[in-house]
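Residue numbers (our numbering), protein chains in the order written: chain V, 2 to 170; chain B, 2 to 170; chain G, 2 to 170. Positions of the beta carbon are idealized from the N, C-alpha and C atoms, including for glycine.
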Amino acid sequence: MERKILITGGVKSGKSRFALEMARKLGEKTLFIATARPIDAEIREKIERHKKERGKEFITIEEPIKLAEALKEATHLTAVIDCITLWLSNLFFELPDDQREKEIKDFIETAREFKGYIITVSNEVGWGIIPENRLSRLYQEELGMVNQKIASICNEVYLLVSGIPLRLK
Amino acid sequence: MERKILITGGVKSGKSRFALEMARKLGEKTLFIATARPIDAEIREKIERHKKERGKEFITIEEPIKLAEALKEATHLTAVIDCITLWLSNLFFELPDDQREKEIKDFIETAREFKGYIITVSNEVGWGIIPENRLSRLYQEELGMVNQKIASICNEVYLLVSGIPLRLK
Amino acid sequence: MERKILITGGVKSGKSRFALEMARKLGEKTLFIATARPIDAEIREKIERHKKERGKEFITIEEPIKLAEALKEATHLTAVIDCITLWLSNLFFELPDDQREKEIKDFIETAREFKGYIITVSNEVGWGIIPENRLSRLYQEELGMVNQKIASICNEVYLLVSGIPLRLK
Chain V
2 MERKILITGG VKSGKSRFAL EMARKLGEKT LFIATARPID AEIREKIERH
52 KKERGKEFIT IEEPIKLAEA LKEATHLTAV IDCITLWLSN LFFELPDDQR
102 EKEIKDFIET AREFKGYIIT VSNEVGWGII PENRLSRLYQ EELGMVNQKI
152 ASICNEVYLL VSGIPLRLK
Chain B
2 MERKILITGG VKSGKSRFAL EMARKLGEKT LFIATARPID AEIREKIERH
52 KKERGKEFIT IEEPIKLAEA LKEATHLTAV IDCITLWLSN LFFELPDDQR
102 EKEIKDFIET AREFKGYIIT VSNEVGWGII PENRLSRLYQ EELGMVNQKI
152 ASICNEVYLL VSGIPLRLK
Chain G
2 MERKILITGG VKSGKSRFAL EMARKLGEKT LFIATARPID AEIREKIERH
52 KKERGKEFIT IEEPIKLAEA LKEATHLTAV IDCITLWLSN LFFELPDDQR
102 EKEIKDFIET AREFKGYIIT VSNEVGWGII PENRLSRLYQ EELGMVNQKI
152 ASICNEVYLL VSGIPLRLK
């Protein structure tokens, strides 16, 4: 059976670890699509640390923008996407609005049609005081809408809290 | 049976859509109490877009402050209040503390006594880093307390995450 | 049976009240470990108000840093720790990194070995827009990791939303 999984939650709630555990149960080789753009030393250090922690069952590709394309090229049965949050942040900073919307639409369509397992990691970023910064507000709203769209094409959705998965769907 | 419903969650988690779906199932004509104060173009645009999306089954009234009064005048069986977050924000900016407390108390009492369906939409705003701004902290605390009070007089409470309702009560 | 309980949630979600209700059910006398450092009038006022609200079944000690030591000295059967959030904030502002890590490790070990009831209150602070301030980001991540560690040694974990406990474990 096709399994499409969304894992969401706050910062350091155990989302990535849970995604990797699921991936290890699902398949032999997993394509890990990392969306972080290594713009500074803090992020680069995180990327390298996480790659090391994942080990050799995972083939890592870095794709900060063209997520639909990266997914289309996956001939593997299991794809982990980590994470939607950084991908959307890259789209916001690097593309005009219409191209951003196109990338999002393409990804949702590609994920919907994908034959195999997809485990997508996202974040909850809209549960705090509304930010004064307009771009932060737009980003928060857009991520909320993207999470809703991904959830709607998934058959499993988990909210992680303190390392514990709460199944929502 | 009386149904009093609280729908809460983060930004763009599907709260309003879920509230409207519930309202459509519950009754023929629904009074929609919109609490947004149209202080700038961004908000005015949102209000108009949402009104259009709701369609003709909903009679919309705008009441940014006197929520208890608006609810008392409802002769309709179903009232949707969207949302507590903006209403409380209006109270904070426009009324002195004692009048704000009185408006909150009046609303809770009126909602408790209301014969019919009430669907109230609120927000979670206290799950981020504590804001440096004192007013933001007070607002966050007050909204948390108001949400608790509303939840205590409701027989159904839902937390929306990525468009999925999680029933808490 | 040993009961180790973690209660987490947003600001003013009913965490402390739920912790006290649980404590009252569990034992006669309870040691209440308050971690707030009374650095200003706003916090001092909160501490005093909460102490008064708890009443005489609770023996309050204030320990902003050495939480493991405070817990070790508890000869009482029930200990309430309120809260991890402020304790970790104190560690961040007052200790160098290695001593902070040691305090955290000591607390987790002591809590794991503790014979009796422990009710620990923490907060969710990582569900908003990622803060620009680096220290806030580090704090957010560390609190997430500490919450995960505490949850892993607990047999009951509750998420409070609008005053309603949602059992996660």
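Only those residues of the segment 84 to 111 of chain B whose C-beta falls short of 8 Å from the nearest C-beta of chain G would be listed, and there are none. Using a Cβ-Cβ cut-off of 7 Å, isoleucine 165(G) is close to Ala152, Val158, Leu169, Lys170 of chain B, given in chain order. DSSP places phenylalanine 59(G) within a strand segment (E or B) once states are collapsed to three. DSSP places alanine 35(V) in the strand class (E or B) of the three-state scheme. Glutamate 64(B) carries a coil assignment under DSSP once its states are collapsed to helix, strand and coil. Leucine 27(B) and threonine 79(B) have their C-alpha atoms some 7 Å from each other. Boundaries of the beta strand (DSSP E) around alanine 80(V): 79 to 83. Within the DSSP bridge table, the entry for tyrosine 118(B) names Thr79(B) as partners. The shortest C-alpha to C-alpha distance from lysine 16(B) to any of Tyr140(V), Gly164(V), Trp128(V) is the one to Trp128(V).
Apart from the 5 residues on each side of it in sequence, isoleucine 154(G) sits with its Cβ closer than 7 Å to the Cβ of Lys5, Ile109, Ala112, Arg113 in its chain, given in chain order.
In this structure isoleucine 34(V) touches glutamate 64(V) by the C-beta definition: roughly 6 Å separates them, less than 8 Å. Sixteen is the threshold: since fewer than 16 other Cβ atoms of the shown chains lie within 10 Å of the Cβ of alanine 42(G), the residue is exposed. For leucine 136(G), no CB of chain V lies under 8 Å from its own CB, so it is not counted at the interface with that chain. Leucine 32(G) is a Cβ neighbour of alanine 75(G), given a cutoff of 8 Å. Chain-ordered listing is empty here: chain G has no CB closer than 8 Å to the CB of glutamate 64(B), the nearest sitting near 23 Å.
Residue pairing from DSSP leaves valine 147(G) without any beta-bridge partner. If you look at lysine 13(B), you'll find it isn't in any alpha helix (DSSP H); DSSP assigns it neither H nor E. Asparagine 124(G) has a beta carbon lying at 8 Å or more from every beta carbon in chain V. Proximity of chain G to isoleucine 130(B) at the Cβ level (cut-off 7 Å) is accounted for by Val126, Gly129, Pro132, Ser137, Gln141, in chain order. The three-state secondary structure of leucine 72(B), taken from DSSP, is helix. Under the 8 Å criterion on CB atoms, leucine 68(G) is classed as non-interfacial with respect to chain V. A check of alpha carbon separations from serine 123(G) across Ile48(G), Leu87(G), Ile40(G), Leu21(G) identifies Leu87(G) as the nearest. In this structure the segment 6 to 13 of chain V lies against the segment 130 to 145 of chain G, because at least three pairs of beta carbons, one per stretch, are closer than 8 Å.
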